[in-house]
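Protein chains in written order, with my numbering: chain F, 604 to 1218; chain U, 604 to 1218.
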């Protein structure tokens, strides 16, 4: 058996395929405003260099962070794992976390697709570490977008540059999924600042010693504001008070009460924070309008949800590639044609059909989710680029971003976890050991389906908000795009059977949308949460099936020009089989789910509360 | 929020229903030979008392064991978690682990169904701890069955009584699933003993300080024996050499090389053992015939596989009941009818339809798997009771045990894990914390799908051995039993739609068997491992759907006699909804899987090795 290889693995060829061959960013995103400085070479250079960074700097700290975790010192400060401070410094020196930041704040104004691709490398090599700079960037971006010019200079600028860090503080003990139940208070002071008082829980990066200051973005209710999310306002609450030059002038009554002990992402500090217990916590309203907190927070939240999708993808991808290497390396049993002959030569487990099926399933899901995320991020860049140029086209692209976000978050996190679980299974007993990276991936991955809105919340976002958004236009455009692909390729010489299944899946998803519409209109509200998660899976699988088949169409075309020895030949062959596998083995479940959805079973609401168990 | 409740939960009412109302052990198992001493009262008393034991003794040590784990001292001995030694002593004093043991060895000759029910309580309250006595019992039972009278007295007797412990040593670094590749050697000594030499890995309970001696059952190849499993013999290899009175006379050259660091079951010591590195390890052939090792080991292995099924059930059941309590207790958001009104009263999450669906899904799976296991164990008792009385009936019962074993092991472990995963999801962020028992359940549960034969191996056992066993009679009898149920209840006033789906699922499973037969006959061997796991799920879901519907038939009948206030009313109502839910939401996937199976997709074998990735 080879030595355990506790290290990050990534196949950049797949990203390059998505960017330059499938979504073709070089045609209308690169080298044009607002990304005029960014050409294909620059993109490739960033991918190569940031993979090197992930492999050399953050990757080796992944298991260290898991084992050491974070701890609360007696003086109330938090110790993060060894090496994290050095990695933070190197990250901002290299500029990998400030790629998309504004130039005036030290950034490079790179396309969002590229920042997200780099995020995959950072998250996959060290999920826990990557959360500190990820949240800092999101908070900085929010302040820059909604805050005053002064706040952008005082706070966001330092956060973009990695001088200070940032967090998002939503959850309270009684307000998890029900954010609107938050009770943290804000009382206006005479100088225009607000006194903040309340407890926030599950705050990632809530405290640490990576930076001298941390800017918390805190959702709170100004005295007298209405209940629910509409009464919330957003405040920038620095851990330490600062003067206008950013020099620390004193503490701000933000106390780390405790840290959570978790199943995974141990290197990421998850804190309970108490604001204003001594009535000495001062916050500034972000921008100058009260009661806009939830809308403002949702800008950050939407990016954070895409970030979680990327986390799911990133560990699943490394789990897949580690498993593939193990399967090539591990010898066990004779081949299938001599399975009853104990003296037959032993083969690598990659030769066993069930292992190949597991690997192909993992490959199809990993590459399908990467395609979904890249579709989303390139829509985002096109929406930005087309704003004011072609507003209708920009609206189409933005609509697809909105529609795809809950799919990417929920399906990416659920399947990310499932891929890690399958990886353990292929490793066998070895997968259960800490000697290999897989069991940590699984433990880290479990949180992805919970934070930034549980996957049940994502499903309600899809069916309750996104399906009907813009009068249903966004969903219709998506279904129309799939239908166009089906029409164009139903006679494809190698993929016709897969395309036919895709067509049926498209009809099933369209029918499902009508079903939800009918439930809403007839007030059969219980059906919505009962069926939403099932429907989210259906739409996600339709989307993956489509993108995998489209990738196969492109690849089969390219195969005509590739000579036998060229490494691309095998790459394109792989795309073809991933699409065929998914179309034959996963897409049919979309129709099966539609059938179940159609029965509108209410057994779960009909069962009396006391009938679940007698204890 | 209520205080975290890190404790074992179990609903004995469900077990009593299965034993006395569904499988009716009182009619032909209890109070008759060989279980003449065992009546309904005795069974109920044992269940009550052993649940108390699990709650008071083993349960409180579950998290302790997880946190402390096992460690290898400098002197080469192993330290198990605090309290395990005391629990071991109390367990054998109370007799819960010797229920089924022969009376002459201090046991009570209880039915297997009862020993297994108690095993659920021990495993669910503390999986890691329960493995030490579980393996000891299995090893003792093997020695008693195949060993000499002297071995039974010297070894098995002390193991049944908990004076010594036992292990099973199969796996080697290069021989995991491929047991027949084992290279551990046995060389016959002049005195009839054998010199054992080799390395065994993943040995659960491989060393510990619970007992002064441990009897390892070691598969090894006698010099000159043929390759593969048929050349293996089984040896009793005590950790310390003993005289004929059982007094320890010296060491036996069995060295604990290292312990594994695992994802879970940390309280269970997983050792790498080296036998005979100094050429001073002596083993005794179990019994007096060489080269029967694999057959002998399989007797223990089959019981161990059922034990793993029970492990999966046991943690899933406690996860479900903990989650149910949490859902009743945790208040979040308004009810579905006022979901847009932030001032509406908050409700317990049990009121949310998607949470109810998750809970009912968990309930149906937990209770369905418990029904499957209880069906299996009561078949076993009937097979034993009928042997020599009605051999044809005994053969039927034994055939069902054989057929159901891989289903219980694989489906029980896979779904046990899935239920724990769903439990975390219902808990939300809290489920990810070590404050609650769920994340440990999930980590512990992941090994169940791997050890005692991976679930891929179980699936091959089902389609390659069990389907065709006894000329296909066992499988036909199973399908016939389901068909009889469908015929008898297709007009059932409340369950007819569920019974109709069951009928279709039965046809799909029968069709699948023909499909495998055809693949075998036509030599299309790759299809077997490609499709076996999917088929195992189909058969398992058919079986669960059947048993849940049969439980509902019985419950609906009983409901006629139960008054409104009686606690049984809600219990029986619960059985009805669990069956309806499963029939409407899970059973249809059997037909969908059959369809996928029928396409006989070969993409996973067709894809070239190098097409999986470019790295």
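All C-beta atoms, glycine included, are put in the ideal place defined by N, C-alpha and C.
What residues in the region 1198 to 1216 of chain F have a beta carbon less than 7 Å from any beta carbon of chain U?
1198, 1199, 1202, 1204, 1206, 1207, 1208, 1209, 1210, 1211, 1212, 1213, 1214, 1215, 1216
Looking only at its chain, what residues have a beta carbon closer than 8 Å to the beta carbon of residue 845(F), apart from the 5 residues adjacent to it on each side?
757, 816, 851, 852
Can you tell me whether residue 1092(U) sits near the ligand HEM, meaning its C-beta is under 6 Å from at least one heavy atom of the ligand?
No copy of the ligand HEM appears in this structure; indeed no ligand is present at all.
For the beta strand (DSSP E) containing residue 1137(U), list its first residue and its last residue.
Element bounds for residue 1137(U): not the beta strand (DSSP E) but the alpha helix (DSSP H), 1130 to 1162.
Quick test of your reading: residue 715(F) and residue 880(F), contact by CB under 8 Å. State the CB separation rounded to the nearest angstrom.
Not a contact, Cβ separation roughly 39 Å.
Beta-carbon proximity of residue 614(F) to residue 1085(U), cut-off 7 Å:
Contact annotation: residue 614(F) and residue 1085(U) have beta-carbon atoms that are not nearer than 7 Å.
Separation of residue 1063(F) from residue 1118(U), as counted between CA atoms:
41 Å
Can you find a C-beta in chain U that's less than 7 Å from the C-beta of residue 911(F)?
Answer no: the Cβ-Cβ gap between residue 911(F) and chain U never drops below 7 Å.
Indicate the three-state DSSP secondary structure (helix, strand or coil) for residue 635(F) in the structure shown.
coil
Proximal chain F residues relative to residue 806(U), where beta-carbon distance stays under 7 Å
Result: empty, since nearest Cβ-Cβ is about 11 Å, beyond 7 Å.
May I have the straight-line CA-CA distance separating residue 1125(F) from residue 1201(F), to the nearest angstrom?
Residue 1201(F) has its alpha-carbon roughly 15 Å from the corresponding atom of residue 1125(F).
Nearest to residue 671(U) by alpha carbon, out of 1101(U), 870(U), 1134(U), 1167(U)?
870(U)
Under a three-way DSSP split, which group does residue 1213(F) fall into?
helix
Identify the residues that DSSP records as bridge partners of residue 821(U): which are they?
772(U), 838(U)
Count the other CB atoms, across all protein chains shown, that sit within 10 Å of the CB of residue 842(F); report buried if there are 16 or more and exposed otherwise.
buried
On a CA-only basis, which of 787(U), 856(U), 878(U), 877(U) is nearest residue 834(U)? Give me that one, please.
787(U)
Residue of 1072(F), 1182(F), 1174(F), 1142(F) minimising C-alpha distance to residue 1155(F):
1182(F)
In chain order, what residues of the region 1106 to 1133 of chain U put their CB closer than 7 Å to some CB of chain F?
Residues of the region 1106 to 1133 of chain U with a C-beta atom less than 7 Å from some C-beta of chain F are 1128, 1129, 1132, 1133, listed in chain order.
Would you say residue 1173(U) reaches chain F, if we count a Cβ-Cβ gap shorter than 7 Å as a contact?
yes
Applying a beta-carbon distance threshold of less than 8 Å, which residues of chain U neighbour residue 1057(F)?
1028, 1031
Reducing DSSP to helix, strand and coil, say where residue 900(U) ends up.
helix
Chain F contact residues for residue 934(U), given Cβ-Cβ distances below 8 Å
777
Along the beta strand (DSSP E) that carries residue 934(U), what are the first and last residues, could you check?
934 to 937
Is residue 658(U) near residue 611(U), with beta carbons less than 7 Å apart?
Taking 7 Å as the Cβ cut-off, residue 658(U) and residue 611(U) qualify as a contacting pair.
Going along chain U in order, which residues have a C-beta closer than 7 Å to the C-beta of residue 671(F)?
None at all; the shortest Cβ gap to chain U is about 15 Å.
Got a sec? Which residues, its chain only, sit under 7 Å from residue 1149(U) by beta carbon, not counting five neighbours each side?
Closer than 7 Å at Cβ, skipping near neighbours: 1085, 1088, 1105.
With which residues is residue 681(F) paired in a DSSP beta bridge?
675(F)
List in chain order: all unbroken beta strand (DSSP E) runs of 3+ residues lying wholly within the region 1000 to 1025 of chain U.
none
Terminal residues of the continuous beta strand (DSSP E) containing residue 1095(F)?
Counting along the chain, residue 1095(F) falls outside any beta strand (DSSP E), and DSSP gives it neither H nor E.
Is the beta carbon of residue 1020(U) less than 7 Å from the beta carbon of residue 911(U)?
no
What would DSSP say about residue 624(F), mapped onto helix, strand or coil?
helix
Let's test the definition: count the other Cβ atoms within 10 Å of the Cβ of residue 1160(F) and tell me whether it reaches 16, buried, or not, exposed.
exposed
Are at least three pairs of beta-carbons, each pair with one atom in the region 894 to 912 of chain U and one in the region 931 to 945 of chain U, less than 8 Å apart?
Under the 8 Å Cβ criterion, the region 894 to 912 of chain U does not count as touching the region 931 to 945 of chain U, having fewer than three qualifying pairs.
Are residue 641(U) and residue 704(U) touching if we call contact CB-CB under 7 Å?
It is not a contact, given that the beta carbons lie outside the stated cut-off.
Just checking: is the beta-carbon of residue 1025(F) within a distance shorter than 7 Å of some beta-carbon in chain U?
Not closer than 7 Å to any Cβ of chain U, the Cβ of residue 1025(F) fails to qualify, so no.
Out of 884(U), 1044(U), 938(U), 996(U), point me to the one whose CA is closest to residue 918(U)'s CA.
1044(U)
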